[in-house]
Structures are given as structure tokens and as C-alpha cells.
Amino acid sequence: MAGRAATGSRRGAVLGRAVTDPSRIRNVALVGPSGAGKTTLIEALLVHTGVLSRAGTIADGTTVCDHDPAAVRQHRSVALAVAPITHDELRINLIDTPGYGDFVGELRAGLRAADAALFVISAAEGIDGLTRMLWEECAAVGMPRAVVITKIDHQRADFDQVLASCQQAFGDGVSPLYLPVVGDGRVSGLIGLLTQTYYDYTSGRRTEREPDAAYADAIETYRGELIEGIIQESEDESLMDRYLSGEDLDPKLLIQDLEKAVARGSFYPVVPVCAAPGSGPAVGMLEILDGITQGFPSPLEHPLPPITTIDGKPVSDITCDPDGPLVAEVVKTTSDPYVGRISLVRVFSGTLRPDTAIHVSGHHARIPEQRAGEALPEGHDEDERIAHVYTASGAELTEVDACVAGDICALTKLAGAETGDTVSAASDPLLLSCWDLPEPLFPVAVVPATRGGEDALVKALSRVVAADPALRMERNAETRQTVLWTMGEAHADVVLERLRSGGVDLGTEPVRVALRETFVAPSKGHGRHVKQSGGHGQYGVCDIEVEPLPRGAGFEFVDRIVGGAIPNNYIPSVEKGVRAQMEKGLVSGNPVVDLRVTLFDGKAHSVDSSDAAFQIAGALALKDAAEKGQVQILEPVDDVVIRVPDAYVGAVMSDLSGRRGRVLGTEPDPAGHERTLVKAEVPALELVRYAVELRQMTSGAGTFTRSFNRYDPMPAHLADAVRKEYAAAH
48 MAGRAATGSR RGAVLGRAVT DPSRIRNVAL VGPSGAGKTT LIEALLVHTG VLSRAGTIAD
108 GTTVCDHDPA AVRQHRSVAL AVAPITHDEL RINLIDTPGY GDFVGELRAG LRAADAALFV
168 ISAAEGIDGL TRMLWEECAA VGMPRAVVIT KIDHQRADFD QVLASCQQAF GDGVSPLYLP
228 VVGDGRVSGL IGLLTQTYYD YTSGRRTERE PDAAYADAIE TYRGELIEGI IQESEDESLM
288 DRYLSGEDLD PKLLIQDLEK AVARGSFYPV VPVCAAPGSG PAVGMLEILD GITQGFPSPL
348 EHPLPPITTI DGKPVSDITC DPDGPLVAEV VKTTSDPYVG RISLVRVFSG TLRPDTAIHV
408 SGHHARIPEQ RAGEALPEGH DEDERIAHVY TASGAELTEV DACVAGDICA LTKLAGAETG
468 DTVSAASDPL LLSCWDLPEP LFPVAVVPAT RGGEDALVKA LSRVVAADPA LRMERNAETR
528 QTVLWTMGEA HADVVLERLR SGGVDLGTEP VRVALRETFV APSKGHGRHV KQSGGHGQYG
588 VCDIEVEPLP RGAGFEFVDR IVGGAIPNNY IPSVEKGVRA QMEKGLVSGN PVVDLRVTLF
648 DGKAHSVDSS DAAFQIAGAL ALKDAAEKGQ VQILEPVDDV VIRVPDAYVG AVMSDLSGRR
708 GRVLGTEPDP AGHERTLVKA EVPALELVRY AVELRQMTSG AGTFTRSFNR YDPMPAHLAD
768 AVRKEYAAAH
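In this text, residue positions in the sequence shown follow the working numbering: the first is 48, and each later residue adds one.
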């Protein structure tokens, strides 16, 4: 792992040949900030192993591994993609994940499909908040990790500083295996700290020699720290005493202990690389590949997600066994104009073979309850048949005869399979627990571009939501809007582009927040609906008294008619008319709440009175009471819990004050990591863009949750604006 002889990679990988032994597979997710060079690194590894013939294939910043046309058009990698390569006769599935916080759904899917993670950090830019959080998530599940520092030839590169930042952000166990040798803006090679060997790349091939004397002090310092870190993780308790006594420990022994510590997720080697040099060869590719094959675990060593039967009974005896029950998961769903639906699948147990009956399960078993107004995909348990099994290298599909436990493959034309679904044997259906996703909290209201296009739009939205677990669709009956809840602006842009590229003609409009109205003080209203136009007329007269009730009390209707002023059969008609007008609103078009209406007088006609006449009279009476009295507009207030690094607490609290928020208190995050929970009450109107603005405020490290609390009176200047807008529209 740390400096074996340069035997080179096995080139010309036969990707169409199925792997039959899970121990010969490595699934590695590349994680890191946008712009760190994950996709460029994958390209360099593809060139190094002979999958690509030359570098520069991804010159525009997009990726050959990306199946998403929206991402390609926007010149950014925002979708999960897999690039399989072969090294030392092992299959390595490189899983490219987005570096944008908005695409956390794709990122979490990539981690679910992986057994280890390479954190890719730029020597010129450093670490962002999202990367810190992902490191913590990997730590929570014990996922093995390593760090790759890219762009070490950049003019702003500072390897020592970025290394120190990684050690500070990621904690103990982060230690470099190599030091970069940089001169005249060019990386000439790496110095292996354990072997004390200079791996020289200036000739275009890796050669070995003694390092220059100028690096002696740096080698001694970093090598000592590395050896001490390895010894602390070693199971051989005698190593520390031997090291302190001055014994020169065998590098092979240290490498063995290092590889064991990496595999169990307690030591995190750092490898500097130059994946896209301005001139000369890429540096560090062989070192990364050796680290993956020798230090990262196979799928056999990675625990499976919890598995249950369809009715929820736990199943605990399934392992990563090609001969075991079939259990696989759809980690990505895309659509190709020629092939149709493509499902990227990680197989956890059993073997997927062509022309096999399978069972697809999802959604209804994963989602315990449906939120009000939210349109969730329908639950499904469907039998389907696999026609072909493919190895997927980005947009390229190569047919194989099987995909065994631990491997990743692509299936086509599974009509019922959606991202997050479980694929199992038709004769023995099972269900995997879904991966955790944060709540999408950035709303976008979409509208059809043409009249009558609502149904087509909703169908298209349903397809997009089915493919993206981080996306939620809501049809809000109160605001009469169709709202897509996304992770942020970039996520929303890509989703809209996907829809438009699929032939959906749509637009957007400002998101409306559902408000309420109520009376401030008692008032009386008179409703008179009398018309005579030949034959039976219309006659209904009523008098009501309106009283506000405590917030949340609802609606009460009281009948105090005496002497038969209004016949009993028309009294429910008055209530019905009042309720209908309450739903329509009085001054802003929003429902009226928390009200007691007392019917105390009225008149009827023996011939012309009717149910319809008294409904209209009841509505007119409520309107009259509103004109004589005072109606107040109420806005929803949400409980908000914000999780931020301690350094941003002051800025977040100050920002909440500017949003008319009321901070309830702060407390240390139970998960630790030098983070604080800020609890507050904030008007929902102030939270429409908060997902984006909090991320900007905290360098991507802040997250929040929200839940409805109550309705409060809206400030007068805002309420007046709402009234004027409603009056202008009506």
C-alpha cells in the first residue's frame, strides 16, 4: 500500500466479464467539495487502467460517467455515476458523487452502494461544511476512509496547510503516506514515508530512487507521526516499546498493520495526487489503486443494511453470498432516449441473472405516513422479469451473464423500479431499509405553460419524484399551487431542466404561504338575499353575531332563533353559507378560523324561501360583519431547529432576529462534533429561501428542520400588502 514495486496496472480491463467472487470487488465512493477534482481523478484512473485511451475527455468539467443530460448541459457533475476499472485482477467500482449540498440524495445513494470512501480535497480550496458532515456520517457507520489531496500543482496549493485542515476537521488517524515533490509548478513525484523511497514520474513512468537530502527533515517528521499512528492502531502491543527503544521496524510489518487499520475504519491515509497536470503524466494513480485494493475491504467485510420481509419481520441470516437469497437495491434511476428506463443496482446478496423473475418493492413499506397535501409515490409490490444484466460505465452499458453479491450493475426496462426500491426473488420477496435523507426544504412552485396542461405536468412531476428520493411534490389545495420541495436552487434548476428536456413545457411562480383570517372583536352582520323575477323568487334574510375564539378553537355555530323567524329546515342552510364564505375568505382570500357565529334573527317567505337563498344570505351576513368589524390576517409560525458549527451560532441568531424569529434557546448538539442546536419560532413566510441562505451563511455546514406550530397575527404593513394584492386581483 505504501510503496510496493512499480509493476504497473492491469490494462485493457475486460469490463464485460462478470466477477464471480465478492472478495475480488471493491466499491469506492469519491466524496468531496465541488471543484475538488473527483471526476478528473476518476478520468485519470480510467486512463491509467486502460479504460480510456487519453486524458482530456472531460475537458468541459462534466463527466463521461454522467447519465444526466441536465448535468451535462449545465457543465457540472450532479448525479451519481459508476466507473468500473480493473487493477491487480480486482474489480474496482468507482462511484462518482456530486459535490453540491443540493444533491445529497445522489450522494447518500453513492455511500449506500459503497463499502469505502475516498475523500477528495483540493490543495487549493480546502474543506467545506458538507464534507465535514459526510465524514461524520461515515464515522457513525464505521465506513473505511482515505483522503486524496488533489491539485498539488496549483499555484495556490499548500499541501501542509490542507493536510493540517484535514487533520483538524477529520480528527485522529489522518496521516500522509506520501509527500509530494513539487518544483516550478510541476509535480515530479512522491516520497513514500514508510519505505523512504522517491517515486519519480518525470520520465512518464514511475521509477524509484533515494529522496534528495533536502527532504530529510520533512521525511523524519511526517514518518515519525505516521509510524506512531500505525503503532497505536496495531494489535501488536510490543511495537511501541520496540519503536521507542530505537529499533528500525520492518516497513512490511507496518504496512500490514496499516492496511488492517484502514480496513476496519480506524486509520485514514492521505495520498497527494496530480490527476490533471498541465504537462507530464498524472502522479499518484498507482498509489491510490494500491491503497484501494490492499487497504479497503471487500463487500464480504461490509455489513449489510437491515433486511425485513415485506410485512416487516427482521431477517438476520443473510450475508454477502452469491448463492444466498437475492437482495439488491436500486440506487439510481435514469432514462435513456434509446434504451428507456435504466436502474443502477447494488447487489447485497444472491446473484442477478438475465431472464429471471424478480420482485420489486418500495415506498408504501418505507413511508409510515403521508403528510397533508403531499403527493407520494404509490406503494408497490410488483413482479417483473429481467431481460438483460449490464455492467454500467457511465452512459456505456456492457452486457454480462451475471452480477454477484457485492457488485454493481444496470438493469433496463424495469417499469416499476424506482430509486430506493428493493429487488429480490419473486419467490422470496424482501425489503431493505432505506437510506436516510434530509427533508427537502426549498420550495419551487411550478405551473404549466399552457392552459389545460396541469394533468400532463403532474404526471411528469411524478416520474421525476420517483427517480429522486430527495425530491417531494405537494399539491396545495389552499394556495392552489403545485410545489416541488427541493434541496436548494441548484437542485431545483437541474430538476426543471430534466423536465424541460423531457418535453414538459412549464414555468415557475412565487411560492405562496397559506394564511388565515379571523375577527379581532365581536361584530354583527345582516344578510339579505331577495329577488323576484317571475315564478318562484328567492328570499332569505338573516342576522348574525360574530365572536372571535381562542387560537385553534375552530368554528362554532349557535342557533338562537326564537318564534320561528327562520324555519328550522333553513337554519342549517345559513350555517352552510357561513362556512362556505369562511373557506373563501373575507379580505385576502384565505380561510377564516377560530370563530363563533350566532344566528339570532331573520325572515323567511312561505313560497320564495329556499336552501340556496339562505346559504347566500348567510355568506352575505358574514361579509357584512367583516365590513363593520375588524378582520385580522394570520400567518403560520414554525418551530425551527437549526444545527450549526459553534462558530456560526452568533451569525445564525442575528439572522433569525432579522426574520422576525424568536430564539427559544441553544444547546450542544447531542451528536457532538462542536455543533450547536438553535431552537426558534419563525414565520413561515421568512423560511421560503432559508435552505439556501442558511447554507450560504454557514459555508454549507448548517442544516435545519421545521414543523408547524401555530398561527399568529401578521404585522400590519405585511397584512396591508396582502389585502391590496388580493383587492387588485379581484
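Here a beta-carbon is modelled for each residue, glycine too, at the ideal position from N, C-alpha and C.
Segment limits, alpha helix (DSSP H) that includes residue i
i: M287; result: L286 to L291
i: P619; result: I618 to K631
i: Y512; result: Looking at the sequence itself, residue 512 is Val, so the reference to Tyr does not match. Residues E501 to A514.
i: R155; result: V151 to A160
i: G649; result: It is not in any alpha helix (DSSP H) - G649 instead sits in the beta strand (DSSP E) that spans L642 to K650.
i: E521; result: Not the alpha helix (DSSP H): E521 falls in the beta strand (DSSP E), residues R519 to N523.
Chain-order list of residues whose beta-carbon lies under 6 angstroms from that of residue i (same chain, five-residue window excluded)
i: V621; result: C589, L646, F661 and G665
i: E512; result: For the sequence presented, residue 512 should be read as Val rather than Glu. Taken in chain order, the residues that qualify are L518 and M520.
i: G708; result: A727 and V729
i: A738; result: L488, F489 and G535
i: L373; result: G397, S471 and A472
i: P619; result: none
i: F604; result: E622 and V644
i: A651; result: I613 and P614
i: A412; result: Bear in mind that a pLDDT of 40 at A412, under 50, signals an unreliable position, so the model cannot answer this.
i: A600; result: D641
Residue i - DSSP class collapsed to helix/strand/coil
i: Y269; result: helix
i: W532; result: strand
i: H435; result: coil
i: L461; result: coil
i: P384; result: coil
i: R71; result: helix
i: Y147; result: coil
i: K675; result: helix
i: V362; result: strand
i: D796; result: Because the chain is modelled from 48 through 777, residue 796 falls outside the range shown and cannot be assessed.
i: T355; result: strand
i: L137; result: strand
i: D259; result: coil
i: H16; result: Since the first residue of the chain shown is 48 and the last is 777, residue 16 is not available in this structure.
i: S701; result: helix
i: A776; result: helix
i: H15; result: Residue 15 is absent from the model: the chain starts at 48 and stops at 777.
i: T340; result: helix
i: F166; result: strand
i: H95; result: helix
i: C391; result: It should be noted that the sequence gives Leu, not Cys, for residue 391. Strand.
i: P316; result: strand
i: A128; result: strand
i: T254; result: strand
i: A83; result: coil
Neighbour flag for residue i against chain B, beta carbons, 9 angstroms
i: V234; result: Note that chain B does not occur in the displayed structure, where there is just one protein chain.
Nearest-angstrom Cβ-Cβ length linking residue i and residue j, presumed shorter than 8 angstroms
i: V129; j: I142; result: 5 angstroms
i: V639; j: E564; result: 5 angstroms
i: P692; j: A748; result: 5 angstroms
i: A568; j: Q677; result: 6 angstroms
i: I196; j: P316; result: Their Cβ separation, rounded to whole angstroms, is 11 angstroms, which puts I196 and P316 out of contact at 8 angstroms.
i: R34; j: T529; result: Because residue 34 is not part of the residues shown, which for the chain are 48 to 777, the question remains open.
i: D716; j: L724; result: 5 angstroms
i: E172; j: A83; result: 7 angstroms
Proximal residues to residue i (C-beta, below 7 angstroms), its chain only, five neighbours per side dropped
i: P328; result: Y248 and G251
i: A672; result: S570, K571, G572, I591 and V593
i: D759; result: L681, E682 and V684
i: A161; result: N74, V75, A76 and I142
i: E772; result: none
Neighbourhood of residue i by C-beta distance below 8 angstroms, restricted to the same chain and skipping five residues each side
i: S313; result: G220 and E280
i: D370; result: G397 and T398
i: L642; result: T565, F566, V593, E594, P595, L596, F602, E603 and M629
i: C367; result: P69, P346, L347, H349, L351, F395, S396, A452 and G453
i: I266; result: L226, I238, L240, Q243 and P258
Limits of the unbroken beta strand (DSSP E) element including residue i
i: P683; result: V678 to P692
i: L444; result: E443 to V447
i: V654; result: Looking at the DSSP string, V654 is not in any beta strand (DSSP E), and its letter there is neither H nor E.
i: A492; result: F489 to P495
- Task: Would you list, in sequence order, the uninterrupted beta strand (DSSP E) runs of no fewer than 3 residues that lie entirely inside the stretch 169-251?
- Result: 192-197, 221-223, 225-230, 233-239 and 244-247
- Query: What are the complete beta strand (DSSP E) segments, minimum 3 residues, inside the stretch 705-770?
  - Reply: 709-715, 722-730 and 750-760
- Query: If you scan the stretch 541-629 from start to end, which runs of the beta strand (DSSP E) of 3 or more residues do you find wholly inside it?
  - Reply: 553-556, 563-566, 570-578, 585-595 and 602-606
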